[in-house]
Amino acid sequence: MSSSRILPNAPIGKAAVFPAEGWARWRSLVRFLRRNPALVLGVVLLVLLFLFAVIGAYVTDPKDAQPLAARPLLKPSAAYPFGTDKLGRDLFATIIAGIPLTLRIGLLAGLIGLGTGTVLGFVSAYYGGWVDTIIRGVVDVGLTIPGLMVLIILAISFSGRLNVNNMALIVGLLAWLYPARVIRSQVLTLKQRPYIEVARLTGMSGLEIIFLELMPNLLPYLAASLVGAISSAILASIGLEALGLGPVDSPTLGMTIYWAILNGAVINRWWWWWAPPIVVISILFNGLYLLSMGLDEIANPRARRSL
Amino acid sequence: MRFNYIIRRIGFFLIIIWLAASVNFFLPRLSGQDPIREKLMREAMIGGATQTGMEQIIKTYEVKFGLNRPLYLQYFSYLGDVARGDFNYSIAHYPTRVIDMLRDALPWTVGLLSVSFLISFFVGTFLGALFGWPRTPRYIQWLFGPLLSLNAIPYFLLGLVMLYLFSFAVKWLPSGGGYERGTLPILNLKFLLDLAYHAILPALSILLAQIGGWALGMRAMMVTTQGEDYMIFADAKGLSERTLFLRYAMRNAILPQVTGMALVLGQLISGAVLVEVVFQYPGIGSLLWRAIRETDYFVVQGVVFFSIVTIGLATLLLDLLYPVLDPRISYEK
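Chains as they are written, first to last, in the numbering used here: chain G, 1 to 307; chain C, 308 to 640.
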């Protein structure tokens with residue numbers, strides 16, 4: 001792969017921003033992106049999905065995503081590009097309405113997870129001692145436990161009263177574990193660097209060091225953790241929804257899958273009911289996966305694929 | 308020997324069991340009401356088919372949980388029940404005990420999961436080793452991208468697509484269930500073949516989704532080993548390609564993969580539960596699906612408890628096996 005041409009110690013995130021003007025700057029950006037095809041492909045997939053959702057929102061009416069908006073079980077046609085389901089919903093409108101809802105669950109839960117995880121990771125690494133022992137213990141145990149199972153217990157206690165927002169809260173409950181672990185280990189290594197020592201000697205306060213010295217260096221890790229947290233939150237929410245523990249009134253992508261499974265769409269050969277949400281979810285996950293791989297390459301130049 | 312390590316590891320497992328029980332006890336109470344009691348009351352009001360025994364359950368429930376007692380006493384009596392393996396009655400199928408339903412379902416899940424998990428580990432690791440080996444033919448390298456892409460997709464969605472393709476579009480494989488309807492589950496060759504025949508699709512959807520993840524990790528490790536001195540030395544000695552690949556590179560690259568197994572197990576059962584739903588496979592996933600439909604809280608709690616404990620047990624076994632695999636680790640201080 002082309003990445004072998006990079007110097008081993010070049011901070012790749014900054015190497016692209018040479019003091020260059022106009023055309024030269026553009027060329028260096030292209031060169032940077034060519035070294036990181038995963039990042040480019042991931043962004044392209046996500047942008048395509050975003051455009052699909054935005055343009056779709058202009059041409060569809062959200063009311064068509066509700067039951068009884070059309071005749072049930074129509075095959076895809078010019079009027080209904082994705083057909084209609086058994087409950088009489090226009091599936092194109094349902095998917096278009098579902099994409100932002102699912103993304104919202106992912107984003108909210110991902111931000112909750114990243115925020116909590118970062119704070120705990122910092123506290124754990126910076127202060128050490130028994131605080132560190134407890135946080136690390138909880139994270140270790142939490143990561144071996146099947147998360148979806150814990151969420152099922154929580155979601156079923158709220159069942160019938162679930163909406164998109166408290167869905168995000170439930171899923172966000174476990175989304176902090178992985179970010180906490182990543183941030184903790186990064187802070188632990190950064191803490192030892194000479195420039196932190198210098199900052200401390202020049203009399204910077206703890207908060208100043210955290211925000212002015214540590215945070216900028218953690219940015220790629222924070223970004224990679226956020227993408228990871230978002231994608232596992234969406235995965236968990238789709239899992240809960242497919243089991244029927246989701247917002248019954250909202251046409252999220254997972255709920256569309258749930259209705260399709262519940263009504264035996266596969267057995268009845270209503271392929272247009274389950275195929276579009278699966279395609280959209282696959283594009284979404286592949287986009288997030290590639291994006292996180294790309295960000296990972298920026299964050300860990302050492303671990304870069306050196307083929 | 309590693310006595311201390313083993314004791315510590317078993318202690319960790321006990322903590323997981325305790326945690327699984329506590330999750331079941333405390334999380335439902337976070338919602339500010341007692342959903343089980345509500346459900347029981349509702350069932351009792353509706354009456355009908357489930358009426359028989361409902362008063363009995365409510366009485367047992369109230370006595371057992373002593374709902375007017377302080378929370379910590381309720382908690383301790385609950386832990387006592389769990390320790391005795393008492394998971395109460397199913398609400399929807401009254402005289403059946405939850406523990407019996409789980410006993411029927413768990414072997415299916417454990418069987419399906421362990422087989423597909425191990426196959427995916429070995430196939431994925433081997434493929435990953437090939438992907439990370441510079442002299443692997445091009446056409447094998449091409450598999451890497453598609454496998455990674457499948458790895459990003461939730462298993463059960465892959466299962467849904469495969470179900471449609473292989474049992475409806477071309478009708479090669481059965482559309483669901485654990486074995487042919489109407490046959491008796493007796494241990495003979497015919498039944499075992501039927502069992503395998505029905506397990507192909509669910510296992511395949513877990514397999515295909517998992518292989519990419521193992522391959523990715525192994526590939527990275529193989530690339531790292533190639534720079535090592537012992538590789539250069541072995542190459543200079545003129546050892547055969549095969550020895551270099553299997554005994555030098557793979558042997559050293561595989562250890563982090565084994566560590567990775569413990570982390571994957573947790574996600575595995577979450578995904579497999581949904582695969583079972585898609586294929587109506589008679590394991591705990593289908594049990595869970597039905598229990599959620601019938602708001603049968605005790606069954607849901609039982610499934611959650613046992614899946615956490617099963618995964619905890621598998622992780623324990625892995626951790627105990629790990630020092631055997633890697634002679635450099637002794638866990639002695």
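For each residue, glycine too, the CB sits at the ideal point set by N, CA and C.
Strand pairing of residue i, partner residues [DSSP]
i	result
residue 404(C)	396(C)
residue 90(G)	84(G)
Host alpha helix (DSSP H) of residue i (start-end)
i	result
residue 513(C)	496-532
residue 613(C)	604-632
residue 274(G)	271-299
residue 186(G)	177-191
residue 37(G)	37-59
residue 593(C)	591-600
residue 454(C)	451-459
residue 146(G)	It is not in any alpha helix (DSSP H) - residue 146(G) carries neither H nor E in the DSSP assignment.
residue 544(C)	536-544
residue 653(C)	It is not possible to answer for residue 653(C), since the shown part of chain C is limited to 308 through 640.
residue 493(C)	Residue 493(C) -> no alpha helix (DSSP H), and no H or E assigned at all.
residue 448(C)	445-448
residue 471(C)	462-471
Collapsed DSSP secondary structure at residue i in the structure displayed
i	result
residue 84(G)	strand
residue 250(G)	coil
residue 439(C)	coil
residue 559(C)	helix
residue 210(G)	helix
residue 6(G)	For residue 6(G), the predicted structure reports a pLDDT of 41, less than 50, and the residue's modelled location is therefore unreliable. A value from the coordinates is still provided. DSSP places residue 6(G) in coil when its eight states are reduced to three.
residue 478(C)	coil
residue 196(G)	helix
residue 225(G)	helix
residue 158(G)	coil
residue 205(G)	coil
residue 263(G)	coil
residue 337(C)	helix
residue 640(C)	Note that residue 640(C) has pLDDT 43, beneath the 50 cutoff, so the model's placement of it is unreliable and the number below is only indicative. The answer is coil: DSSP assigns residue 640(C) none of H, G, I, E or B.
residue 163(G)	coil
residue 376(G)	Because chain G spans 1 through 307 in this model, residue 376(G) falls outside it and cannot be assessed.
residue 487(C)	coil
residue 77(G)	coil
residue 11(G)	Because the pLDDT of residue 11(G) is 47, which lies under 50, any placement of that residue in the model is unreliable, and the number read from its coordinates should be weighed accordingly. Of the three classes helix, strand and coil, the one that applies to residue 11(G) here is coil, per DSSP.
Straight-line Cα distance separating residue j from residue i
i	j	result
residue 296(G)	residue 139(G)	21 Å
residue 509(C)	residue 480(C)	11 Å
residue 134(G)	residue 120(G)	11 Å
residue 206(G)	residue 583(C)	51 Å
residue 13(G)	residue 217(G)	Confidence is the limiting factor: at residue 13(G) the pLDDT is only 47, short of 50, which leaves the residue's position unreliable and the question unanswerable from this model.
residue 526(C)	residue 282(G)	24 Å
residue 459(C)	residue 367(C)	46 Å
residue 482(C)	residue 147(G)	29 Å
residue 189(G)	residue 225(G)	17 Å
residue 327(C)	residue 320(C)	11 Å
residue 564(C)	residue 384(C)	41 Å
residue 540(C)	residue 436(C)	20 Å
residue 573(C)	residue 144(G)	5 Å
residue 440(C)	residue 258(G)	42 Å
residue 386(C)	residue 520(C)	38 Å
residue 615(C)	residue 112(G)	25 Å
residue 388(C)	residue 324(C)	13 Å
residue 163(G)	residue 115(G)	22 Å
residue 279(G)	residue 515(C)	17 Å
residue 632(C)	residue 558(C)	10 Å
residue 293(G)	residue 522(C)	15 Å
residue 472(C)	residue 266(G)	10 Å
residue 88(G)	residue 63(G)	11 Å
residue 577(C)	residue 562(C)	25 Å
residue 504(C)	residue 428(C)	21 Å
residue 535(C)	residue 252(G)	50 Å
Nearest-angstrom beta carbon gap, residue j and residue i [assumed within contact, 8 Å]
i	j	result
residue 237(G)	residue 167(G)	6 Å
residue 517(C)	residue 431(C)	6 Å
residue 406(C)	residue 609(C)	7 Å
residue 84(G)	residue 74(G)	5 Å
residue 413(C)	residue 613(C)	6 Å
residue 110(G)	residue 230(G)	3 Å
residue 451(C)	residue 438(C)	5 Å
residue 592(C)	residue 581(C)	7 Å
residue 209(G)	residue 199(G)	5 Å
residue 91(G)	residue 272(G)	7 Å
residue 102(G)	residue 234(G)	6 Å
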